[in-house]
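S.K.: If you scroll down you'll find the structure; I have some questions about it.
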Amino acid sequence: MQKIIFTTALALLSGMALAGTCDTTITGDDAMNFSIKNITVPQSCKNFTINFKHVGKMAKKAMGHNWVLVETKDVNAVTADGIKAGIENDYIKKGDGRIIASTKMIGGGEQATVSFDVSKLTAGKTYTFFCAFPGHSGLMRGTMKLS
Ligand SMILES: [Cu+2]
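If you count by the numbering used here, then the sequence shown holds residues 468 to 614, one letter each, in order.
So this is what it looks like as structure tokens:
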């Protein structure tokens, strides 16, 4: 009996460790800060998951945040097209093929999750994640790379 409990505990622990390497949690707040600025994605992951939380109190229309991943060279153009798309489209141009992954726009107290196929990332390229709400991407941005 004890051996079974021990084995189950080990299996749970190793499962948690594996799951932890292919996802990360990032928060955004009312002062336009992302909690992390660099994300490294292990090449061994098939999919990578972003758990995104808005830990502020402000409403989406005043201080909305999303998490958008693009190749770094595309940040400015994707941001500009997103502003034209408006809040009804979460400040993302419909069908924008430059966007690798994005969450919906959320307000204070809300959360959103997105998973993407790691094969979409190329080793040696630099990727940038940012918030597409107008005026936020200057502060709310960070880099992602494949390890
Ligand atoms: Cu934002």
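Note that CB positions come from ideal geometry on N, CA and C, so glycine has one too.
Given a cut-off of 8 Å on the beta-carbon distance, is the pair Gly-594 and Met-572 in contact?
M.R.: Position check: residue 594 holds Tyr in this sequence, whereas Gly was assumed. Not in contact: Tyr-594 and Met-572 (Cβ atoms no closer than 8 Å).
S.K.: How many angstroms separate the CA atom of Ser-586 from the CA atom of Ser-511?
M.R.: 10 Å
S.K.: Using 8 Å as the cut-off, can you tell me whether the stretch 493-503 makes contact with the stretch 513-524, which would need three or more C-beta pairs spanning the two stretches below that distance?
M.R.: yes
S.K.: Could you work out which residue in Asp-557, Gly-553 and Val-542 is closest to Leu-606 when comparing CA atoms only?
M.R.: Minimum Cα distance to Leu-606 is reached at Val-542.
S.K.: Ignoring anything shorter than 4 residues, give me the alpha helix (DSSP H) runs that lie fully in the stretch 484-560, in order along the chain.
M.R.: The stretch 484-560 contains, as complete alpha helix (DSSP H) runs of 4+ residues, the segments 527-530 and 542-552 (chain order).
S.K.: Taking the alpha-carbon of Lys-528 as reference, which of Gly-564, Ile-554 and Leu-536 has the nearest alpha-carbon?
M.R.: Ile-554
S.K.: Could you give the DSSP three-state label for Lys-571: helix, strand or coil?
M.R.: It is coil, neither helix nor strand.
S.K.: Near Thr-589, what residues of its chain come up, given a Cβ to Cβ distance below 6 Å and the 5 sequence neighbours on each side ignored?
M.R.: none
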